[in-house]
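Colleague:
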Amino acid sequence: MAEQIRVRFAPAPTGYMHIGNLHTALFNWLFARQQGGAMVLRIEDTDELRSTPEALGVVYDGLRWLGLDWDEGPNVGGPYRPYVQSERLEIYQAYVQKLVDAGRAYECFCTPEELEEQRQLMRARGVPPRYDGRCRDLTEEDKQRRREEGRESCTRFRVKETGNTIINDIIQGEVTYDNALIGDPVIVKTSGYPTYHLAVVVDDHLMEITHVIRAVEHLPNTQIHLQLQQALDIEPPRYAHLPLILGEDRTKLSKRHGAVAVTDYAAQGFLPEAMFNFLALLGWSPGSEEEILSRQQILERFSLEACGSSPSVFDVAKAEWMNGEYVNRADPQYLADWVLPILQEADLMEAEPSHQRQQWLVAVVELMQSRVKLLSTFTTWARYFFTDDFEYENRARREWLNDAQTPPKLTALANRLEALSAWTPDTIEGTVRGLADELGLSAAKVIHPCRAAVTGTTIGPSLFHLMALIDQSAVVGRLRRAADLSAASELQPSGDEESQ
RNA sequence: GCCCCCAUCGUCUAGUGGACUAGGAUACCGGAUUCUCAGUCCGGCGACCGGGGUUCGACUCCCCGUGGGGGUACCA
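Heads up, the first sequence is in my numbering, so the first residue is 36 and it goes up one at a time.
#1: Using a Cβ-Cβ cutoff of less than 6 Å, which residues in the same chain neighbour residue 105 once the five nearest sequence positions on both sides are dropped?
#2: Measure how close the beta-carbons of residue 282 and residue 192 come, nearest whole angstrom, since I'm counting them as under 8 Å.
#3: Taking residue 266 as part of the beta strand (DSSP E), name the residues at either end of that continuous run.
#4: In three-state DSSP terms, what is residue 107?
#5: Give the straight-line distance between the Cα atoms of residue 325 and residue 402, rounded to the nearest whole angstrom.
#6: Cα separation between residue 423 and residue 487?
#7: Assign residue 533 to one of three DSSP states: helix, strand, or coil.
#8: Out of 471, 474, 467, which one is the CA nearest neighbour of residue 511?
#9: If I follow the unbroken beta strand (DSSP E) through residue 143, where does it start and stop?
#10: Is the separation between the beta-carbon of residue 253 and that of residue 276 shorter than 8 Å?
#11: Under the assumption that residue 102 contacts residue 311 (Cβ atoms under 8 Å), give the Cβ distance between them as a whole number of angstroms.
#12: If residue 463 and residue 410 are in contact, beta carbons under 8 Å, what's the gap, nearest whole angstrom?
#13: For the 8 Å Cβ check, are there 3 or more pairs between the segment 53-67 and the segment 116-125?
#14: Relative to the alpha-carbon of residue 94, which residue among 502, 296, 173, 174 has its alpha-carbon at the smallest distance?
#15: Rounded to whole angstroms, how far is the Cβ of residue 436 from the Cβ of residue 526, which I believe are closer than 8 Å?
#16: In whole angstroms, give me the CA-to-CA distance for residue 209 and residue 224.
#17: Let me confirm a value: residue 111 is counted as buried when at least 16 other C-beta atoms fall within 10 Å, else exposed. Which label applies?
#18: Just tell me which of 290, 256, 370 has its CA closest to the CA of residue 307.
#19: Quick check on DSSP: helix, strand or coil for residue 329?
#20: My assumption, with CB atoms under 8 Å, is that residue 384 sits in contact with residue 421. Please give the rounded CB distance.
#21: Check residue 277 in the structure and name its three-state DSSP category.
#22: Let me make sure I understand the geometry here. Which of 117, 500, 160, 356 has the alpha-carbon closest to that of residue 234?
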């Protein structure tokens, strides 16, 4: 009989979702969808101090942004609800009781200070710092005395003291841990909340998770989970520990690497389909030389067995290149939908543009998309489409605007363009080239200063097409403004020019 | 410190004992494109961490180093 595959993505809602979490979610989703299995979203908020309700929204948004859906979860329900661990507290208690009854769990009265002292001592002695088990065999009298002292207790799981625990991981292979090296982990905190170890084991069991796909930082924890499962007579799921995603400095991706939150990438103008593609290729390879793969293609070829076990660095430059590939191929109308909010955020587009204005934006996007990697660059490289208020770049100043021959050219051009009755790329081109002919100059000698005057830059798309998308009067105004400034020597390159 | 994992161009990776003069992508560099380039096309640079084995033959298998990472919590 075919086993029903069930996987889960189980984030801790502690503020933001970073790209590594999303990577884990993606691999779970790929496996589930490809296998016709179920994707469960479970919220692991057993860290009462750091978990926030708002963070839940961040998780949803991140998953939805990438286009990952889930079959069961806090907002969609499902047969194993609730899917938020803080709502499952009584469930865990029953399992703790089972462990206590079996003599595998016990009350521990040690204070954080005492624990820290133990660790220091062991470290000094050169042995692995771990809980020394001093509360393992307390008598009822001992416990009573401690309670009377006003001490609070937590519950610890009694791990095996001898032998090995062997993990058979789909990605990492067979990994062996020496049982003697770990101390008894806390499974219920003083606050009454379960710790991760207990909750994850109970929930994966109850929710009938068949494959636990998570980051390799959890591999050492798995020895505890395996022992817990054995003590509870629970059949363990299959494990697949994904290699970590590292920052440029080769350490675990974290806040200090700058942009790591999913929302950061969305704000920069990464397209979700590009991020999907890029993330899929981190730690997994289709085995071919293609890199731009559609969601469907990735889904068809994905397998856990093909995942590598070595960590990978998140290369922003390559991610941007890939985004550029997607931007380049995207339908302009679709792209404009992503660009609009970015422009609105930068006050370059009004809150509710008319249909006509939206169509104009699509035309701008279409003209620019082949040279854009991140959509946020629309607010800089394409700024001149949206406002007269832009800077003249140094290179534009140096090469064209700080030239005595430029003002008369710009003025003449302004006059002629102003007289045009039709404002199209063709009429503009005719005018520009006509002026160049009459002045006995190559077209470039007019085109370049004109671009500098109208856009403030020396680079960009076809000048005539670009001008046609800006109001005729605005173009004329910009030409005259640049002519005046240039004539007044106010467009000299500034001192802090970077070397070219 | 101790435990575990990892190791091919700077980066993402292909490679599962002979197909390797080690392939692709990105980044970088150069050329072309005369309407610019951060776009496009073409080209170039660039790696099997080191040492021992095993084998007729190792990038590939084993061991030892080295380097990197993760863990070592009443965080997950």
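We put the beta carbon where it would ideally sit given N, CA and C, even for glycine.
Note that the structure is predicted; figures quoted are calculated from it, not measured.
Modeller: So, from the data block:
#1: Answer for residue 105: 74, 76, listed in chain order.
#2: Here residue 282 is actually not in contact with residue 192; their C-beta atoms are around 34 Å apart, not less than 8 Å.
#3: No beta strand (DSSP E) contains residue 266, which is instead part of the alpha helix (DSSP H) from 254-267.
#4: Strand, per DSSP.
#5: Their backbone Cα atoms lie some 27 Å apart in a straight line.
#6: Rounded to whole angstroms, residue 423 to residue 487 spans 13 Å at the Cα level.
#7: Interpretation of residue 533 is limited by its pLDDT of 42, a score under 50 that renders its predicted location unreliable; no figure is taken from the coordinates.
#8: Just measuring C-alpha positions, the residue of 471, 474, 467 sitting nearest residue 511 is 467.
#9: Run containing residue 143: 140-143, per the beta strand (DSSP E) assignment.
#10: Yes, they are a contact pair.
#11: Their Cβ separation, rounded to whole angstroms, is 6 Å, which keeps residue 102 and residue 311 in contact under 8 Å.
#12: Incorrect: roughly 27 Å between the Cβ atoms, too far for contact.
#13: No: fewer than three Cβ pairs fall under 8 Å.
#14: Distance check between residue 94 and each of 502, 296, 173, 174 places 296 closest, using alpha-carbon atoms only.
#15: Contact holds; Cβ gap of about 4 Å.
#16: About 32 Å.
#17: Counting Cβ neighbours within 10 Å, residue 111 comes out exposed, since fewer than 16 surround it.
#18: Looking at 290, 256, 370, the one whose alpha-carbon comes closest to that of residue 307 is 370.
#19: It is coil, neither helix nor strand.
#20: Indeed, because the Cβ distance is near 7 Å, the residues count as touching under 8 Å.
#21: In this structure, residue 277 counts as strand in the three-state DSSP scheme.
#22: Nearest option by C-alpha distance: 117.
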